[in-house]
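Step one of this worksheet: look at the structure below.
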Amino acid sequence: MIRTTLGVLALWAGMSAAQAQPFGKLVPKMPGIVSYTMRDSFSKDVPGTLDKIKAWGITDIEFSGLFGKTAPELRALLDQRGLKCSSYGVSYDAIDQKPDSILQNAQALGVKYIRIGSIPHKTAATLEMMQKAAEVFNRFGKLAHAKGMMFCYHNHGFEFQPYENGTLFDYLVKETNPEYVGYEMDVTWTYLPGQDPAALLMKYPKRFRLIHLKDVEKGVPHSDKGGMANAQSVVLGTGQIDWPAVLKAARKTSIDHFYIEDESMAVEQQVPKSLAYLKSL
């Protein structure tokens, strides 16, 4: 009896130790995924898509929409599968004009972060645009903070216009309250405009809280447009990004969640390969 009990305890300890092992040397835990990666699948079958994500071993999702569900309905589907929504993506206009509704949905989902994907623009970034955005971010960020959440801005490429001794992105970081406003780095939309993602992470190690792991096909030219053809979104490690450098820098920052974002039409083939690459580092 004692021998059996000790055997069970040893097995349990071994399982616990295995579960405690890091995902990889450079990625501390199994990455999450951005719902945009599975946008076509989510638009047709939310429960089935959640099952696919869970089958990959992913349990952390950043939702960029509710896909026809209410926030409580989506939360119930996640809870049934042992999944979580850690970040909720909404629009700039939503945080500016209907913050109460956004906060209510975010609380129902149980998120820690609320983020927006870009600042509306029809021209290159301007100082006036960033001044207005800083005011909106600080105002909404304070409301989110009061509810136990943090607002984050996801860069989209156009923010890196030169300004004084840096860029308008630098201005935006400077003008936003670090207690209320964090940042989500999209690695591709940092790299393509000509920035060094690893260097930018180290420049603001306490401001970045989230990161999108997305690679871009070799040969795609630099641009600040924040867009590329779907086929140019490739398996991590096969494109232009120096992932070891980025991930080593990320480990030294306040980044809380790593999300795979794949914009291709072949995500069901590419995501498992990206996971295998990250684990191999």
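Residue numbers for the sequence shown, in mature numbering (1 follows the signal peptide of the UniProt record, and there is no 0): -20 to -1, 1 to 261. Glycine is no exception: its CB is placed at the ideal position from the N, C-alpha and C atoms.
Item: Three-way DSSP call (helix, strand, coil) for Ser260 in this model; Value: helix
Item: CA-to-CA distance, Asn210 to Asp150, given in whole angstroms; Value: 29 Å
Item: Tyr68 - partner residues in DSSP beta bridges; Value: Phe43 and Ile94
Item: Three or more C-beta pairs below 8 Å linking the segment 53 to 62 and the segment 182 to 199; Value: no
Item: Secondary structure of residue 272, DSSP reduced to three states; Value: Outside the displayed range of the chain (-20 to 261) lies residue 272, so it cannot be described from this structure.
Item: Boundaries of the beta strand (DSSP E) in which Tyr133 is found, first to last residue; Value: Met130 to His134
Item: Completely contained beta strand (DSSP E) runs for the segment 152 to 205, where each covers 3 or more residues; Value: 161 to 166 and 188 to 193
Item: Spatial distance of Ala124 from Met130 (CA atoms); Value: 6 Å
Item: Sufficient close CB pairs (3 or more, under 8 Å) joining the segment 233 to 244 to the segment 186 to 197; Value: yes
Item: Short Cβ contact (8 Å threshold) for Thr17 with Asp242; Value: yes
Item: According to DSSP, residues forming a beta bridge with Tyr16; Value: According to DSSP, Tyr16 bridges with nothing at all.
Item: Endpoints, the beta strand (DSSP E) within which Ile240 is located; Value: His237 to Ile240
Item: Bridge-paired residues (DSSP) for Val214; Value: Asp195
Item: Three-state secondary structure assigned by DSSP to Thr29; Value: helix
Item: Nearest-angstrom beta carbon gap, Ala114 and Glu155 [assumed within contact, 8 Å]; Value: 4 Å
Item: Residues near Leu193 in its chain [Cβ-Cβ closer than 7 Å; skip 5 each side]; Value: Pro11, Val167, Leu216, Phe238, Tyr239, Ile240 and Glu241
Item: Pick from Pro173, Val161 and Lys232 that is closest to Lys183, judged by C-alpha positions; Value: Lys232
Item: Ala124, enclosing alpha helix (DSSP H) - first and last residue; Value: Leu107 to Ala126
Item: Cβ shell of Ala179 (< 8 Å), same chain only, five flanking positions each side left out; Value: Ala229
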